[in-house]
Amino acid sequence: MLDINHISKTFNPGTINEKKALQGLNLHLSEGDFVTVIGGNGAGKSTMLNAVAGVWPVDEGNILIDGADVTGLPEFRRAPYIGRVFQDPMMGTAPNMQIEENLALAYRRGKKRGLRWGVTKKEREFYYERLQILGLGLEDRMTAKVGLLSGGQRQALTLLMAALQKPKLLLLDEHTAALDPATAAKVLELSDRIVQENGLTALMITHNMTDAIRHGNRIVMMNEGRIILDISGEEKKKLTKADLLQKFAEVAGVQEETDAVLLS
Ligand SMILES: Nc1ncnc2c1ncn2[C@@H]1O[C@H](COP(=O)(O)OP(=O)(O)OP(=O)(O)O)[C@@H](O)[C@H]1O
Ligand SMILES: [Mg+2]
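Count the sequence shown with our numbering and you get residues 983 to 1246, in order.
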């Protein structure tokens, strides 16, 4: 479903601020793969997701989504294939619009029919059903402005919106980092459900190693713009946080103490 073939990206090349963020990165995801991504600050995790989403062109290599080469496509042309949720609950939804209007926008993304037609009764019933799944009571507040929702509620809604059109790829960048632990756990559980029920292929960045182990069928660790560890299946199920810290130290040659701080 996703092929990242030897991509590199250097920011501010030839200047004092030059940064090789991705260095010959390879990653291949099969349909239905749910991959958690860990790594220290600046390892290139968000840059990898930005490269896939087409935020800017990569310097070398190519990216295929479901077999189609999207390397040369701008962000808006890739958007129909991709659902994204960011760390900041303020992103991804329009605060001055109603919950149902936000859902309608997400649902009509890439389609000709704009919002000016209003939300139909049939659509409203569909959104009501989807919102019920969240278990947050939002289905009874469909005409409330999204700006009134809490961070957790907004992230849950963004997740629902990102999955509404069953994207080929769901990209989650620390999407629960700004939430309190209980809400974060709920939104993560919801992410699992949405990925499973829709059979989505997903990449989820997290700094929480317990979450990275618990969720998904595969875990990758990044360091200096490359993937330095890739564990799946039974081996992943047996993985512990201590294993991960040790592996990080082995492969990256970084002190465990530092990792413990970076990868809490
Ligand atoms: N648009 C940009 N312009 C310049 N440098 C950038 C840009 N985006 C990322 N970088 C740099 O590329 C490197 C990788 O950044 P990236 O955001 O991918 O790290 P990350 O693994 O997501 O880290 P974190 O865990 O802190 O979110 C960093 O050194 C960062 O400063
Ligand atoms: Mg990041």
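Note that beta-carbon positions come from the ideal geometry of N, C-alpha and C, so glycine has one too. Small disclaimer: the values here were computed from a predicted structure and weren't measured.
Contacting residues, own chain, Cβ-Cβ under 7 Å from residue i (five flanking each side not counted)
| i | result |
| --- | --- |
| Glu1013 | Met983, Thr1183 |
| Val1101 | Glu1082, Glu1083, Ala1086 |
| Phe994 | For clarity, residue 994 is Asn in the given sequence; the question names Phe instead. Closer than 7 Å at the Cβ level, and outside the excluded window around Asn994, lie Glu1000, Lys1001. |
Cβ neighbours of residue i in the same chain (closer than 8 Å, five flanking residues each side left out)
| i | result |
| --- | --- |
| Met1079 | Leu1087, Lys1127, Val1128 |
| Tyr1110 | Glu1121, Met1124 |
beta-carbon residue i near ligand 1 non-hydrogen atom, thresh 7 Å
| i | result |
| --- | --- |
| Lys1247 | Outside the shown range of the chain, which is 983 to 1246, sits residue 1247, and nothing can be said about it. |
| Ala1025 | yes |
| Thr1102 | no |
| Gly1021 | yes |
| Ala1194 | no |
| Phe993 | yes |
| Lys1127 | no |
Residues near residue i by beta carbon distance below 6 Å, same chain, minus five either side
| i | result |
| --- | --- |
| Leu1226 | Met1191 |
| Glu1238 | The pLDDT assigned to Glu1238 is 49, lower than 50, so where the model puts this residue is not dependable; a value taken from the coordinates is nonetheless given after this. Cβ within range, chain order: Leu1227, Ala1231. |
| Arg1136 | Pro1071, Thr1075 |
Contact check, residue i vs residue j, beta carbons under 8 Å
| i | j | result |
| --- | --- | --- |
| Lys1148 | Asn1180 | yes |
| Arg1200 | Ile1210 | no |
| Lys1002 | Gly1207 | yes |
| Leu1007 | Met1030 | yes |
| Leu1153 | Leu1116 | no |
| Phe1068 | Asp1174 | no |
| Val1040 | Met1204 | no |
| Phe1016 | Gly1134 | no |
Sheet register partners of residue i (DSSP bridge)
| i | result |
| --- | --- |
| Leu1154 | Val1067, Met1186 |
| Phe1108 | BP columns for Phe1108 are empty, so no partner. |
| Asp929 | Because the chain spans 983 through 1246 in this model, residue 929 falls outside it and cannot be assessed. |
| Arg1208 | Asn1205 |
| Thr1029 | Thr1029 pairs with nothing; no bridge assigned. |
| Gln1080 | Lys1127 |
| Ser990 | Glu1042 |
Ligand 2 heavy atom lying under 7 Å from the CB of residue i
| i | result |
| --- | --- |
| Ile1187 | yes |
| Asp1015 | no |
| Asp1070 | no |
| Asp1048 | no |
| Asp1155 | yes |
| Ser1012 | no |
Anticipated Cβ contact below 8 Å, residue i with residue j, distance rounded
| i | j | result |
| --- | --- | --- |
| Val1052 | Gly1036 | 7 Å |
| Val1202 | Leu1009 | 7 Å |
| Leu1221 | Ile1187 | With a Cβ gap of about 17 Å, Leu1221 and Ile1187 do not count as contacting. |
| Ala1144 | Leu1118 | That pair is no contact at about 16 Å. |
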